[in-house]
Structures are given as C-alpha cells and as structure tokens.
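Below: one structure, written as structure tokens.
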Amino acid sequence: MRTVIAALFYAVVGVGLTLAVWTGISAARHRPTGEIQMVLAIAVEAALLAQSVVGWIRLPGSGIAEPVTFVAYSIGILAPVPLGFQLARIERTRWGSICLSFAAVVVAVMTLRLAQLWGLFS
Amino acid sequence: MRTAVNDDLRAPGADTPDVAAEPTGPRRALITIYGIFALAATARAVVQIATKFHEAPLAYLLSLLSGLVYIGATVGLTTRRRWSRGLAWASCGTEFVGVLVIGTLSLADSVAFPDDTVWSGYGSGYVYIPVVLPLLGLGWLWHTRHMAHPARP
Chain A
8 MRTVIAALFY
18 AVVGVGLTLA
28 VWTGISAARH
38 RPTGEIQMVL
48 AIAVEAALLA
58 QSVVGWIRLP
68 GSGIAEPVTF
78 VAYSIGILAP
88 VPLGFQLARI
98 ERTRWGSICL
108 SFAAVVVAVM
118 TLRLAQLWGL
128 FS
Chain B
1146 MRTAVNDDLR
1156 APGADTPDVA
1166 AEPTGPRRAL
1176 ITIYGIFALA
1186 ATARAVVQIA
1196 TKFHEAPLAY
1206 LLSLLSGLVY
1216 IGATVGLTTR
1226 RRWSRGLAWA
1236 SCGTEFVGVL
1246 VIGTLSLADS
1256 VAFPDDTVWS
1266 GYGSGYVYIP
1276 VVLPLLGLGW
1286 LWHTRHMAHP
1296 ARP
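Heads up: the sequence lines are chains A and B, in that order. Plus 7 on top of the position in the first sequence (first one is 1) and you've got our numbering. Plus 1145 on top of the position in the second sequence (first one is 1) and you've got our numbering.
What follows is the structure, given as structure tokens:
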C-alpha cells in the first residue's frame, strides 16, 4: 500500500504546484483568479483531505518516527487553500491570485514534509 | 474611478475627498502569509512543547512567542478596531527584532537551540520569509499611515 500513498503525495504536490504556477502567472499578468483556477483549488483541497484521511487510517500500523508531528501537519495542511480561496474570491484583482498562489505553494511544500515524515524518502 | 464596491469598503468618517482609500489587495496578501505563519509557528511550538519540552525549553518557548506574534500581526491586519493598527505595528516590530535576535543567537549558541524555531538562522528553514515578512508588514503600515482604512479585511 506504500505505492498508493506515494502516488497520492506526488499527485497533490503536482496539482498544488500547477495551481501555484498558474495563479502566479495570472498575478504577473494583473489578472484576478479565474473560474477554472477556483475549481482547481477545490480539487486540490479535496485531494489534501483524501491524503490526510488515508494518512490517519494508515497511521496506527505505520511505525513512523514522529506521529504527533504528522497528525499536526495533516490537519494544518487543510487550512491554507480555503483561506487563499476566500481571499481570491473577495479580492478580484491580481492580489487575490497572489493569495491563492502562496497558499498553493505552502500546501505543496507541506505535502513534501508529510511524505518525509511518512518515511517516503528514507 | 470610484465604484460602489470601493465606497462600500470605506470606513465611516473616511469620506474626505483628499484622503486616498487604502487598497485592499496588498493587505489581503499579507493576511494570507501572516495567517499561514501564525498557524505554522503556533502548531510547531505546541507540538514541540507537548512532546519534547525538556530537550530545549528556551527554544520552544521562543517558538511559542513567535507563534503569538504572528497571531497578533494577523489579527491587527484583519480587524478594523481602534487598536488594530497599533497591534499590527507592535507585532511586526517585535517580529523583526525577534528574527534578528533569535537568528543571531541560533548561529552563535547552537547549544541553547538544539532544535529549530521559525526564526532560527534568520528563518532559513522557511526560505528566509520570516526575515523579509516583517519588513513588508512595517513597510505597508508606514505606506498606508495617512490613508483611509476600509472597514473589512
């Protein structure tokens, strides 16, 4: 089942970075966040939720070194995208795109840290 | 050109024509970054204190302080009360002094800091955002000091 979790981690990093770069380009072009980008943000959040739930289910038998840190990360990682989404929704300028882009970068980086805590790189 | 939306955002009593309204965008971007750092720093400190406080009590208490400072800055930037800007000034100022002092101490005395805080190494574990962020916050507060402030974040 290790490969399923690994695939989920990499998918989240991939989609998260895609959203980050795309909204970053929008910000550079003085564009507010578009509708498809908002849908992508919802998809990222859904994937993050799936990732956290799978992590919690598999946690008991995993034997990872820092379970408390892993749980803290898997909960905290759910917060940035809704925050960025809400600000991108009310701030219909390039700054809204910057908010969502930053949130997307953060969750991609946090996912890499989650994967590291899971022992994927060791 | 002023729109109805912009007028709606202006605080009561701030309709003097010669006072420019504060743009909402940069402040909302700062709220995003500060909000995420408030969460990250506070959660990190709580985990450290809960699981291994005896290893480095000073570092973990400073970790908690940094979390509280980020919360203060986030609240100061988000709310529109009489004390909001004062809180934001104090938080960003403390944050800047903190990241310089802790950054220097963590490099000079690594024994007292066996485990990282958000401000260790001037925030090197967070791509140096912690040392740049207070400058952005203070710069924004200075830039908008004479502007009319909107009622909503």
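Yeah, the Cβ is synthetic: ideal placement off N, Cα and C, and Gly gets one too. Source: prediction; values computed, not measured.
Taking only beta carbons into account, state which residues of the region 1161 to 1176 of chain B come closer than 9 angstroms to chain A, listed in chain order. Look at the region 1161 to 1176 of chain B: the residues with a C-beta under 9 angstroms from a C-beta of chain A are 1168, 1169, 1170, 1171, 1172, 1173, 1174, 1176.
Just verifying my parser: in three-state terms, what is the DSSP assignment at residue 1152 of chain B? Low confidence applies to residue 1152 of chain B: its pLDDT is 45, below 50, so where it sits in the model is not reliable enough to give any reading.
Cβ of residue 76 of chain A less than 7 angstroms from any chain B Cβ? Taking Cβ atoms only, chain B reaches closer than 7 angstroms to residue 76 of chain A, which makes this a yes.
Residue 1151 of chain B versus residue 1247 of chain B - alpha carbon distance: Summary for residue 1151 of chain B: the model assigns pLDDT 47, below 50, so the residue's position carries little reliability, and this model does not support an answer.
Sheet register partners of residue 1166 of chain B (DSSP bridge): Bridge partners of residue 1166 of chain B: B/1293.
If you draw a straight line from the C-alpha of residue 1237 of chain B to the C-alpha of residue 58 of chain A, how long is it? If I take the Cα positions, the gap works out to 34 angstroms.
Quick one: Cα of residue 49 of chain A to Cα of residue 22 of chain A, how far? If I take the Cα positions, the gap works out to 11 angstroms.
Assuming residue 1274 of chain B contacts residue 1268 of chain B under a Cβ cut-off of 8 angstroms, what Cβ separation, rounded to an integer in Å, is found between them? For a cut-off of 8 angstroms, the C-beta gap from residue 1274 of chain B to residue 1268 of chain B is around 6 angstroms, short enough to register as a contact.
Can you pull out the residues from the region 75 to 94 of chain A whose beta carbon lies closer than 7 angstroms to at least one beta carbon of chain B? Of all residues in the region 75 to 94 of chain A, 75, 76, 79, 83, 86, 87, 90, 91, 94 have a Cβ within less than 7 angstroms of some Cβ in chain B.
Counting only C-beta atoms, is residue 1151 of chain B closer than 7 angstroms to chain A at any point? Per-residue confidence for residue 1151 of chain B stands at a pLDDT of 47, beneath the threshold of 50, marking its modelled position as unreliable; the derived number appears in the next sentence. With its beta carbon at least 7 angstroms from every one in chain A, residue 1151 of chain B lies outside the interface.
Is residue 114 of chain A near residue 84 of chain A, with beta carbons less than 7 angstroms apart? Judged by their CB atoms, residue 114 of chain A and residue 84 of chain A are nearer to each other than the 7 angstroms cut-off.
Tell me which residues share the same chain as residue 47 of chain A and place their Cβ nearer than 8 angstroms to its Cβ, disregarding the 5 neighbours each side in the sequence. The answer, listed in chain order, is 22, 25, 26, 29.
Who are the near neighbours of residue 112 of chain A in its chain, counting only those whose CB is closer than 8 angstroms to its CB and skipping five residues on each side? Excluding sequence neighbours, residue 112 of chain A sits near 23, 24, 27.
Counting contacts by CB-CB distance shorter than 7 angstroms, is residue 113 of chain A in contact with chain B? By this cut-off, residue 113 of chain A is an interface position.
What separation, rounded to the nearest whole angstrom, lies between the Cα atoms of residue 1203 of chain B and residue 1188 of chain B? Taking the straight line from one Cα to the other gives about 17 angstroms.
On the CB-based measure, 16 or more other CB atoms within 10 Å of its CB, does residue 1186 of chain B come out buried or exposed? By the neighbour-count criterion, in which a residue is buried when 16 or more other Cβ atoms sit within 10 angstroms of its Cβ, residue 1186 of chain B is buried.
Have a look at residue 1207 of chain B and residue 1272 of chain B and give me their C-alpha separation to the nearest angstrom. Approximately 19 angstroms, taken between the alpha carbons.
For a contact defined as C-beta to C-beta under 8 angstroms, what are the partners of residue 1195 of chain B on chain A? The contact set of residue 1195 of chain B on chain A, defined by CB atoms closer than 8 angstroms, consists of 75 in chain order.
Residue 1170 of chain B beta carbon less than 7 angstroms from that of residue 102 of chain A: The answer is yes: Cβ separation under 7 angstroms.
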